[in-house]
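> The numbering used here numbers the first residue of the sequence shown as 26 and each following residue consecutively. No residue lacks a Cβ here, since even glycine has one placed at the ideal position from N, Cα and C.
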Amino acid sequence: MMTDHGSNLCTPAKVNEQIDNVQNKEVDEEIEVQSEELDTNIRRSTRERTQTDRMLAYQREESHKAERKLMHAYEKWKAEARKARSQLKLDISESELASLIDSLEREKDSVMNAYIRVRSYVTPPTDMRRKIDACDAVTKDIVKIAYERISGVDGGFDNETVKGHLRELLERDYARSVYGSTVSRISSKSSTPISQPSLNSILMAKRIEAAAELAAKEAEYATVIEEREQREKLRLLEEKQRKELEAQKGEFERLQAMKEVRAARARLEVYDKEETVDTVNQDEGLQQPVSPPTHKPVYLSSVNPTPNISSQSPNADVSQLAQAVQDSITLNRLPMPEPTVFSGDPIHFIEWKASFQSLIDKRHISSGDKLYYLKKYVTGPALKVLDGIFYRNDEEAYKDAWKRLLDRYGQPFIIQRAFREKLACWPKIQSKDSVGLRNFSDFLNSCKDAMPHVKGLEILNDCEENRKLVSKLPDWAAARWNRQTTQTLSETQDFPTFQEFAHFMSVEAEVACNPVTSFHALHVSEPNKEKNYFKVSKPKANVFHTKTVTQHDNSKPTGKVNKPCLFCQNGEHQIHECSKFSARSLEERRQFVKDTRLCYGCLRLGHSAKDCRSRHCCNTCKGRHPTCLHDDSFNRKVRSSSAQSPENVHEGVATMSLSVESGCTPVNTSMIVPVWLSTHKDPVSEKLVYALLDTQSDSVFIECAVCKSLKVDSCSVTLKLTTLVGKDSLMSSERISGLRVRGFNSSLIIDLPPAYTKECIPVDHAHIPTMETASHWKHLATLADKIPPLQNCEVGLLIGYNCSRALAPREVILGTENEPYAVRTDLGWSIIGPSLTHFESQSSAAMCHRVSIKEIPAVTPTDVIKVLESDFKDTEGHTKVTSQEDIIFLRKLEENIRLNKDSHLEMPLPFRKRPYLPDNKPLAVIRLQHLKRRLMRDQEYREHYVTFMEEVIEKGNAEQVFEEGREGERWYIPHHGVYHSKKPGKLRIVFDCSARYKGTSLNDHLLTGPDLMNSLTGILLRFRQYPVALMCDVEKMFHQFHVDHADRDYLRFLWWRNGDFNSQPQTFRMTVHLFGASSSPGCANYGLKHLAREGERLYPLGSQFIMQDFYMDDGVSSIESTEKAIKLAEEARQLCALGSLRLHKFVSNDKEVLKTIPPSECAVDVTAVDLALTDQPLERALGIYWSLEQDNFKFRITVKDQPATRRGILSIVASLFDPLGFLAPFVLKGKAILQEMCRSGMGWDDNLPADLQSAWEHWKADLVNLEKIEVPRCIVPSGFGRIIRREIHHFSDASMSGYGQCSYLRLENEQGDISCSLLMAKSRVAPLKITTIPRLELAAAVVSVAVNDMLKEEMNLADAEAFFWTDSQVVLGYINNEARRFHTFVANRVQRIHRTTTPQQWRYICSDENPADYASRGLSVNNLVTSNWFRGPKVLWEKQIPPPMEISKQLPIGDPEVKKVQSLNTQTVQYSCLSDRLTKLSSWSKAIQAVARVIRRVRKDKSHNHSTLAERNDAQCIIIKDLQKQTYAEEITLLRKGKQLPRSNRLYNLDTFVDQDGLLKVGGRLCEASIPNAVKYPVILPKEHQLTKLLIADCHEKMAHQGKGMTINEIRSRGFWITGVNRTVASFVRQCVRCRKLRGPTEEQKMANLPSERIEPSPPFTYSGMDVFGPFITCKGRKSNKRYGLLFTCFCCRAIHIEMLDDMSTDAFINGLRCFIAIRGAVHQIRCDQGSNFIGARNELTKAMEEIDTNRLVTFLAEKQCDFVFNAPHSSHTGGVWERQIRTVRSVLRSTLSQSSGRLDDSSLRTFFYEAMSIVNSRPLTVDSLTDPSSPEPLTPNHLLTLKPTQALPPPGKFVREDVYARKRWRHVQYLAEQFWGRWHKEYVSNITTRQCWHTPRRNMQVGDIVLEKAVDLPRNEWRLARIIEAVTDKDGLVRRVKIQFGDRNLGKDGKRPHKPSVVERPVQKLVLLMEAA
């Protein structure tokens, strides 16, 4: 786009780089010259010093002295050098040689010290530096020769050899000036151009020109078309607004008529009531006459006469009634009392409530009317409280509204808090502020009156509260109250109450405001008497031509709240509009302004006139002061001047001013008419103002005071004004819409376009035409009655020609020559021309203004937010694009650059096309005169300016011109000087190449060229690569590149020769590229790189240094070794010398490098400090502080005193120059505060809110701690050795507050040592728009990828392997997933990541170890120093980085970023009927609604109302008919033919028929029933169709998901007959998710097979189950204890063992297990339920079991070679083996304990346990043979227990009967055991093979099923929803246990779930299936 300073292309990347350049430049210029070292014992002052004039003069004097001393020392050294040369010719002794060396070096040191002294004041000239270099070189040569003589290298004195050495010394260039050699210096430099220019192609130039012209025409045509479309849209919009306005007007007139009708009806009701009362009084024979309340008769005597009916006349009642009616009418004529409007202030709630209830609530009107009135008299926040109430219109709504208001504002605590807060915030009253004292007294009385109604205000009686109030008083008032308080305490011993304090304040305020004797009244002077002489006012003619170009911005309309007048406290106007204030004398008005400390420019508080930015404009003299402060006695002298500005502004944005003085000028009138101004929102409230009808303005302006009185909404805009000298200024204004006007005596209303506010419209009242004006002229005399009289109002409106209707002339009355003429518009008559028939002799001034205004969009918070959220745009903004103009720029320089005779590179000015410019010398003359005035005022400025100019001319950078030059090819450039804020005394001359004249400027025609500068970040990164650092600077870089002779006339300027300002200015022209031209940076950069390319072969290191490591004129680099650094510095100097460029200010951390560089080329501080002994100073490396000795980066922050506003905060945050992101976590916190202010829409100068104040103060105070941070410059540690491996590791992270990344370089040497350091980091705030954490994490990952690409390119790390770390598994899933499609945001960024990285490079790191977490959340400086931010995480310092974890490619189900997979089929599907289309709908109602809409469209009905009942019935009929046609086509055909259905037909039994609508219905036998026909003859529907299912679902939902019967009944009642309805509905109900949730049974599965432990023979208790029961209360003395039973059940023989537990501790359990194992032998496995689910556990048992350490139990059993196995939680049925035994034991114990007497102790309980154990173990295992007398003894567990050995035995072997009679006892035992197991197999095992329940297998539950978990202790509707994530399959392939995951809706502040979803294991019997997995 085109800019004001040229037509350069401004891409976003270009703008950002220009901003960075400016910032870097400003940072570089912050380097201040350090003063000399003071005595170390003196404390250094941190105060910023400002040099005075005397100090500067002293410095200049000291500089001259230093220069004289230097020259004196140089001459002494020169004499000594000549003497030494003479002595060396002779054969002298070693002592004489040593003396010669000492004296010469001593004189040389004196010269060097004097030179350093000179450099501390000024920059030495070139010849002085050459002398110093010669001094240093000659001294070294002579000393070298002398040392060779001393060491005897020559072997003896050889006169010829010595003379040869001395002759070689004379032949050197630097020695000739010392020894006076006359050999002339022969220049070896060739003037041959480096490159020969090539011929330009004329054809190509013409093509380019033609293409440019074509593009311009196309753009112009497109603009015309767009403008035409916009005008048409505007016309349609205005037409729509006009219709809406007419409708509103009609509604208003209707309300007015209704109001009058209601008033008349109310008046009639009063009459009727009075008549009724009179009639009743007469009938009852009352003795008293009718007396209205407002009429009281007055008697002469003090005693009222006794009324006597007989003495009254017959017409007395009639007269009394007439008087009452008259009084009633009088009352009706009074204004209707209205309640106040309540806006939400609790202070006014009580009085508002009382007024509303008195005037409205007690009236006998409906609740709806009361609610309407309530809405009318409530506004602001109070109205928002009632949102939603007004949708209702009943008594409950009215009560609810009052309840809300009372709760919000009527609570006593709220009201008293409002009173107290207002008292606490009351400002301190000044000693002479009587008005403020009265206001404070009035509010105290309000508090006193409210105290009885608000009990909380009684706290004001407390003495502490009174002390706070007294602190608000002036000192004299506080002293008086102190005296009264002391007196009261001495008398009553009680502190005065608040009522007494309020009374005291009332008295004091009355005294202070006494109008006669108060301080204010005594110090006001007498009003001046008006002079009674006629004074002709000075007539002025003002013509305004205003052109406004509006650009819409996004500013929000802001409602304005009027502040009351500071003089009379009236809220309807301001003080400058106050009539009471204007009535006072001028002295009184000025005294009031002075006493109240108002601004004399705008009459507002808070600032003085010198800081006022919104001064008023006086309507009388047009001065910059309010009209009410105008002094008529002060007459300004009008200076005669006539000048025409030679400078115009392009595009019509211009300002022209003409001032003419004349001795005879008439008083003129203009088109100014009185109008009534109003708004569309409030057309009734009209404001009378004068309107200026200006035909030279295209905009409407309105005075600010008028705008405020209308109370309209506005939005802030900024207008750009251009002054006489071409300088732009900005003016704040407001844009308002919706204004309309009508004439003074007209009812025609004209709508105005959007208008702009202005403090005043400078029009003199004398220009307003009046009746007298018309009567003075014969041809206008008839208009005297038609022109309104002069009104008491201001000219508050200016209407331009964009409202042509208001300016259109309807009638014109012309006069003769030079006579005024009259024009009638729709707003009335106006007279234009002289208003008097004669001229006055008094001088007058006529002014003509032609002003053009351009509205520019304000910088809104949105603009700042857009910059902060650049990563959330789907555009690539970092790619450099070379435009066509850039190519032309490069071609022009490449073809025309050459080396001139002075060895300077010479280039032309890169014009777009050689321009033909106007002669702008008048502009240069005017600007030079302005400059001269300032030079004459400021001596120091003048001296610096002259010095700079003379130096420029002396060095040949400018030359004097005596020729006029060719017309059109010369241009004069204005210039001015600018001081650097950080370098006092240093002046820079700026040539204003953007100065415009006749619509053009020099910069408009110059090409800026491409951006040739190296990346600042890249230079700094390379600066950290190697140990040796080097930095230098090019001296005055721009002035080293010359301009072609043919283009120099475009660089002319005016100046006085030799600084003689009394002489005529001379014409000069620059010979070099200058500061201020838009092409100079591009030309200088191109020339520098061109020089480097030309010398690449001779100086490869120097060429590479200049090409890669130069940022404008600063060179910064790091080198591997000292030798290479020395060579690089030498090559760079020699290469720059080819183009006469001087490299100086060398700085290095290696002293050996600096020794090889001449001292004059080193930086001052480095020369003055011994590198080997003292600390190095801090240097600035491209804006970063670099400590030379420590070789690290530091931060020095100077916090400026900025206000806590958005502007001040942005200034401080942006001042932190940190291009590498070392301070990213700290800066993020400052950016977050700035973003929060932008979020709230605060203005640039609004104060920081209280909730952010603390955070800002902490952040600002933390800035000083930045000095603690030190970052090593070199990323390779000293002595690290050879590097064999380089790795770059990038970490990224995000949070709700921000996102960021950090990059580390990991190095490994040959010994395997590791080094890791921070390369760079980035941190950015999160966007204001709510964004998910995965998106923020992905944005951070993209930043890491971009940083990686930049690091590899800038640091040449292509061989380094890159790794990327993130703590977001979602992002890793996005990157590793190649099968899914993502939404645009994620897809674009994943594609960007895949472009330069692979998924194998991405790794996961936990959040606690991720250093990027600091960059995403922010960190204070102290925490930043102690963190691993600069070193990196521990994982990078390990010898071997652990391999990456496996990353799942499966994304979470329901990820919103994944696009839904859509399968597209190219097969064409033809719908045969309507019902097939409707199957896609989700409900029966939607299907009917869809068909009803289609029916309406078929009938060509375009309405959008809801479907009618008839339409829905028709739609249902069409749907059913189509469905039956598809399913029962044969049946319908037969029935229509009159045939019967065959017996085999499925509808045969239904006696079907087809009705008149074509529907197939059931005939049945209900013809005579008195029921609806729909039920009598239901419609037949098929059971299998989808529409039938939709109907069933609709009926089912209507029945609230009841059972099958109720659903079928609803279907039948609707008139539908579904074939097979029972089975169909039952199937649907079974599948209904809602019904499953309400009534669904838990799942079942076929009972599992018995485990092998129960059916295989094994010794007793080898496989056991364990459970606990109890507690049992035992007593020991008086103490009661709880004891528990530990039950073990043998799986094989069903035997039990019981141990008593003393408590439920883990130790007690282990003891019980030890006893059990000791008694019963070894155990292989023990099973039990999990934790608190033990059978028999009550609540206290459950709590006790939770405290048991199951891990200790498992460990103990493992030591015993025993497994401890848990059953699935809540699966009590799996432990039935031991659960049944507990009930048996309890039954035995209950019987046993009931027989025992007395209290139970521990031993008795243990005995009972053992007895119960014996009884249970004696029970038979089977009951089959109990009734058979011949059967053997029943098999019991005791049969085996009594034979069990101490150890587990193997299964018994084969024995014979004879073994019983053996003598060996063990053979007998074995025999009995074998008998037991044989019977056990036959009798027991065979009986447990059958299943008691769950006989058939059911559906296996699958992963993804949605279920409900059954909770016994919760109602069903609170059962938790879960999802199956794992199904455990048994050996038989059936699932009986699953793992489920519960959902969690809660999210943390960072958007993540605070807890991981819980996963538990449950049996299927505890789950209710809701939905099967897909």
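In the structure shown, what three-state DSSP assignment does residue 574 receive?
Any reading at residue 574 must be qualified, since the residue scores a pLDDT of 40, below 50, and its modelled position is unreliable; the value itself is stated next. Here residue 574 sits in strand by DSSP.
> When the Cβ atoms of the stretch 514-533 are set against those of the stretch 462-475, are three or more pairs found closer than 8 Å?
With a cut-off of 8 Å on Cβ pairs, the stretch 514-533 is in contact with the stretch 462-475, counting three or more such pairs.
> Cβ of residue 1251 within 8 Å of Cβ of residue 1045?
no
> I'd like to know whether the C-beta atoms of residue 943 and residue 1022 end up nearer to each other than 8 Å.
yes
> Helix, strand or coil for residue 1950 per DSSP?
strand
> For residue 165, which residues from the same chain have a beta carbon less than 8 Å from its beta carbon, with the 5 sequence-adjacent residues on both sides left out?
none
> Taking DSSP as the reference, what is the three-state secondary structure of residue 1866?
helix
> Expressed to the nearest angstrom, what Euclidean distance is found between the alpha-carbon atoms of residue 991 and residue 1074?
9 Å
> So is residue 1578 buried or exposed if we call it buried at 16+ other beta carbons inside 10 Å?
Counting the other CB atoms within 10 Å of its CB gives residue 1578 a total below 16, which places it among the exposed residues.
> Using the rule of at least 16 other Cβ atoms within 10 Å of the residue's Cβ for burial, across every protein chain shown, is residue 922 buried or exposed?
That one is buried.
> Could you pull out every residue in the same chain whose Cβ sits closer than 8 Å to the Cβ of residue 1982, ignoring the five residues on either side in sequence?
1966, 1967, 1968, 1969
> Is it the case that the Cβ atoms of residue 1929 and residue 1948 are separated by a distance below 8 Å?
yes
> Could you pull out every residue in the same chain whose Cβ sits closer than 8 Å to the Cβ of residue 650, ignoring the five residues on either side in sequence?
625, 626, 640, 641, 643
> Could you have a look at residue 1700 and say whether DSSP puts it in helix, strand or coil?
strand
> For residue 1267, which residues from the same chain have a beta carbon less than 6 Å from its beta carbon, with the 5 sequence-adjacent residues on both sides left out?
1231
> Can residue 698 and residue 855 be called in contact, C-beta distance under 8 Å?
yes
> Can you give me the C-alpha to C-alpha distance between residue 1745 and residue 1860, rounded to a whole angstrom?
20 Å
> Using only the alpha-carbon positions, how far apart do residue 105 and residue 1102 sit?
If you take the alpha carbons of residue 105 and residue 1102, they lie about 51 Å apart.
> Roughly how many angstroms lie between the CA atoms of residue 1011 and residue 965, to the nearest whole one?
11 Å
> Select from 1626, 1315, 1664, 1609 the residue whose C-alpha is nearest the C-alpha of residue 1646.
1609
> Bridge partners for residue 1986 per DSSP, in chain order?
1964
> Given a threshold of 16 other Cβ atoms within 10 Å of its Cβ, counted over all protein chains shown, does residue 461 qualify as buried or as exposed?
buried
> Please go through the same chain and pick out, in chain order, the residues whose beta-carbon is closer than 7 Å to the beta-carbon of residue 705, but skip the five residues on each side of it.
For residue 705, where only same-chain residues beyond five positions count, the Cβ hits under 7 Å are 270, 763, 765.
> Suppose contacts are defined by Cβ-Cβ distances below 8 Å. Is residue 1135 in contact with residue 1154 by that definition?
no
> What's the call for residue 1524, buried or exposed, on a 16-neighbour Cβ count within 10 Å?
exposed
> Per the contact definition of three or more C-beta pairs closer than 8 Å, is the stretch 1417-1425 in contact with the stretch 1370-1377?
yes
> What first and last residue would you give for the alpha helix (DSSP H) that runs through residue 1740?
1731-1745
> Output yes or no for whether 8 Å exceeds the beta carbon distance between residue 1081 and residue 1091.
yes
> Suppose you measure from the CA of residue 1118 to the CA of residue 910; what does that come to, to the nearest Å?
23 Å
> Compare the C-alpha of residue 1313 against each of 780, 1386, 274, 492 and name the closest.
1386
> Taking 8 Å as the cut-off, decide whether the C-beta atoms of residue 1950 and residue 1985 are in contact.
no
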